[in-house]
Amino acid sequence: MDILANLIGGFASALSPENLLYCFIGVTVGTFVGVLPGIGSMIGISILLPMTFYLSPEAALVMLAGIYYGGEYGGSISSILINLPGSASSAVTSIEGYQMTRQGRAPVALFITAMASFLGGTIGIVLLTAFAPILADLSLRFGPADYFSIMVLGLLASTTMTQGAVLKSCASVILGVMFGTIGTDINTGVQRFTFGTMELFDGISIIIIAMGVFGIAEILATVMGNDHMSVKANVRLRDMLPTRDDRRRSAMPILRGGLLGSLLGALPATGPTIASFLAYTLEKRVSRHPEAFGTGIIEGVTAPEAANSAAAQTAFVPTLTLGIPGSATMALILGALLIHGIPAGPRLITDHGDTFWALVASFWIGNVLLLVLNIPLVGIWIRFLSIPYRLLYPGIICLICVGVYSVKLTSLDIMIVLGIGLLGYGMRLVNMSGAPLLMGFILGPMLEENMRRALLMSRGDLTTFFTEPISATVLGATALLMLWSGLRALQPRHV
Amino acid sequence: MTANTHRLASSDVLAGVGIVALSLGFGIGALSYDIGSLARMQAGFFPLVLGVIGTLLGTALITMGLVRQGEVPRMPALRPLLYISAAFIAFSLTIDWLGLIPAIVICGFIAAKATPSTTWREALMLSVGLAVAIWLLFVVLLSMPIRVWAGF
């Protein structure tokens, strides 16, 4: 049992005091940003990313990953209590969860979602542990043409899954890829689009793009909105235990949600948000009394929460084994890997096996910590919910400033992050999603590199992308996906 | 009449115009580098392809927006837009000159005043508190090499 031995080694490393501390910080920050509406795990990760320069790569990854899956736990708390999802992937939880709160069953709903997240996350981790090494082995056979096609699939798939028109999302990807070309061209050494400024020779940092498009744009869009949120539910620990009936009715939805979420998390572009929506729809479909959905039914809370937590775990599979992120958040995690000099991809498990297995082990530990944070300590998070947004965002702005400045210690970067933020806000105003831009930004340089290499090997023959079997299959799947989404777009839209 | 003005200002058209402008600038900029050939691409090849694709996508968006009745873009909230931009600019101008703590106090204060309901006193207390917290976190705890006060 190779995997078991590796996993034990991983635990030994993840349980070291340093890694344990950063895992704890990660999941705590994750729950915090997850709970607060208008602040997502994207902002949490990009704010903490500059601070990880001072940590070991392992501790940095463990912490950043903790923010991501911790956010899936936290998001449900605000969904259930105030009907305002703390993160997009918990939006569907509010349908049944808030009804339960109105019936005075908030404590039970909070307990069962934490349990569902834990069990869903566990399913995701088991599958991740089993399949990541297999996928890594497989991807060793991929050539540059194959990589190019897989990245095209990842980018285009991300456009079909985001909100808003496909054309706008495609344009958003292109903008991202354009930003990615700024800086020194690695093949020729030519300075591209630097306008002669030294500060741009290394390109724009992923931190700046993420903080601008997500942090600043998000704050600008939220600042005039929701101000005071009051929590009416009174949550005491002894009220939290679900009844035998609740438990019996939750078992199968958690299993189904966890499996569905694991699958969707590993696929490109279908992250936790889509997983939670589909899990809810699935439960409604298989239920013997679908008419009861919408009245505070427990299956409608547990299945989506299990699904989004499972998806948050398996999302790491393509990111770590192929080096191709499936979502914007994963693109940011990949950026963190690159910053710390760990090349994600098939070689990660063989060359940096200790880091990989320590990270996987930290997922298990993190989920246990989250269970503690979300059940006995849920009262703390509820209190955080009553902090008005107007007192929170100035802190985030200051953290963005300091974080961006700390990367290269140049004040020009502050102006660039503001410019990117204004662009991101403008995109929001015309209903253009920012997530594809970040995907394009991180994948762009790899896309160019693999395209160049593939065409160099084929001596400029473009058909290489269609004659290499893996590449051809992937491009075929991409074409089908685009055809499907194109047909869907032609159907009458409801305004 | 109103339908026409709506279409010209629909979010599709606006997005399209913005994308075409950016892509054209980018594509034309790419022409100043070596293009090379398919087999041996030089620095300009990939950016040029991006500029062309972006221009096409933007043009398609404009056409679509003109043909069908699209949604109207949301209006930006001006006050937070101005204040928050000013907060960033203030930080950028003061960080090298005055150091971390004064820059945070100024930046945090301007940012806090973006919401009219925040009083002067609240904004001042908040920004001073933030400066202390950020100093503790970045300088004391993470020992980031950054100037705390001008001259120190």
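Which chain is which? The protein sequence lines are A and B, in order.
When you line the first sequence up against the UniProt record's numbering, it's residues 1 to 495, in that order.
When you line the second sequence up against the UniProt record's numbering, it's residues 1 to 152, in that order.
Note that beta-carbon positions come from the ideal geometry of N, C-alpha and C, so glycine has one too.
The structure displayed is predicted, hence computed values, not measured ones.
Contact of D185 of chain A with chain B by beta-carbon distance below 7 Å involves A43. CA-CA distance, I125 of chain A to Y69 of chain A, rounds to 11 Å.
Shown here for L100 of chain B: same chain residues with a beta carbon closer than 6 Å to its own, the five before and five after excluded, namely I146 and V148 in chain order. Relative to the Cα of L21 of chain A, the nearest Cα in the group A:P57, A:M63 and A:I45 belongs to A:M63.
Taken atom to atom, the span from the alpha-carbon of E283 of chain A to that of P253 of chain A is near 7 Å. For the stretch 249 to 288 of chain A, the continuous alpha helix (DSSP H) assignments of 4+ residues that do not extend past its boundaries occur at 272 to 286, in sequence order. By the rule that beta-carbons nearer than 9 Å mark a contact, G108 of chain B touches chain A.
At a C-beta separation below 7 Å, G29 of chain B has these neighbours in chain A: F193. At the C-beta level, L93 of chain B and L167 of chain A stay beyond 9 Å of one another. From the beta-carbon of R452 of chain A, the residues of chain B found nearer than 7 Å are M41. With its beta carbon less than 9 Å from one in chain B, E448 of chain A belongs to the interface.
With fewer than 16 other beta carbons inside 10 angstroms of its own, E18 of chain A counts as exposed.
Identification of residues in the stretch 112 to 124 of chain B having a C-beta nearer than 7 Å to some C-beta of chain A yields A112, A114, T115, S117 and T118, given in sequence order.
The beta carbon of V177 of chain A is closer than 6 Å to those of G440 and G444 in its chain, skipping five residues each way along the sequence. Setting aside the 5 residues that flank it on each side, Y73 of chain A is surrounded in the same chain by T31, S117, L370 and N374, each with a C-beta closer than 6 Å to its C-beta; the list follows chain order.
With contacts defined by Cβ atoms closer than 9 Å, S471 of chain A and S89 of chain A do not form a contacting pair.
A distance below 6 Å between beta-carbons, with the five flanking residues on each side excluded, links E71 of chain B to the following residues of its chain, in chain order: S11. Against chain A, the CB of I35 of chain B has no partner CB under 9 Å away; the residue lies outside that interface. Here D354 of chain A is not near I208 of chain A, since their CB atoms are 9 Å or more apart. If one requires a minimum length of 4 residues, the alpha helix (DSSP H) runs lying completely within the stretch 77 to 107 of chain A are 93 to 102, in chain order. In this structure, W357 of chain A keeps its C-beta atom at 9 Å or more from the C-beta atom of G26 of chain A. Residues of chain B whose Cβ lies closer than 7 Å to the Cβ of G395 of chain A are, in chain order, L130. Neighbourhood of I333 of chain A in chain B, by CB distance below 8 Å: empty, with the nearest CB roughly 21 Å away.
Going by DSSP, K408 of chain A is part of the alpha helix (DSSP H) stretching over Y389 to K408. Within the model, the alpha-carbon separation for L135 of chain A versus P304 of chain A is close to 26 Å.
As DSSP reads the structure, G183 of chain A sits in a beta bridge with A:R192.
Under DSSP, the beta-bridge partners assigned to M41 of chain B are B:G36. As the crow flies, the alpha-carbon of R121 of chain B is around 23 Å from that of V402 of chain A.
By the Cβ-count criterion, A9 of chain B is exposed, with fewer than 16 other Cβ atoms from all chains shown falling within 10 Å of its own Cβ. Sequence-distant Cβ neighbours of L127 of chain A in its own chain, meaning closer than 7 Å and more than five residues away, are S262 and T314.
Taking a Cβ-Cβ threshold of 8 Å, the residues of chain A close to I95 of chain B are C401, Y405, S411 and I414, in chain order. Counting only runs that start and end inside the stretch 39 to 99 of chain B, the alpha helix (DSSP H) elements of at least 4 residues fall at 45 to 67 and 78 to 98.
Identification of residues in the stretch 154 to 183 of chain A having a C-beta nearer than 7 Å to some C-beta of chain B yields L167, K168, C170, A171, I174, L175, V177, M178 and T181, given in sequence order. In the DSSP assignment, G25 of chain B falls within the unbroken alpha helix (DSSP H) covering S11 to A30. F466 of chain A and G51 of chain B have their C-alpha atoms spaced approximately 24 Å apart. Setting aside the 5 residues that flank it on each side, M330 of chain A is surrounded in the same chain by A315 and T319, each with a C-beta closer than 6 Å to its C-beta; the list follows chain order.
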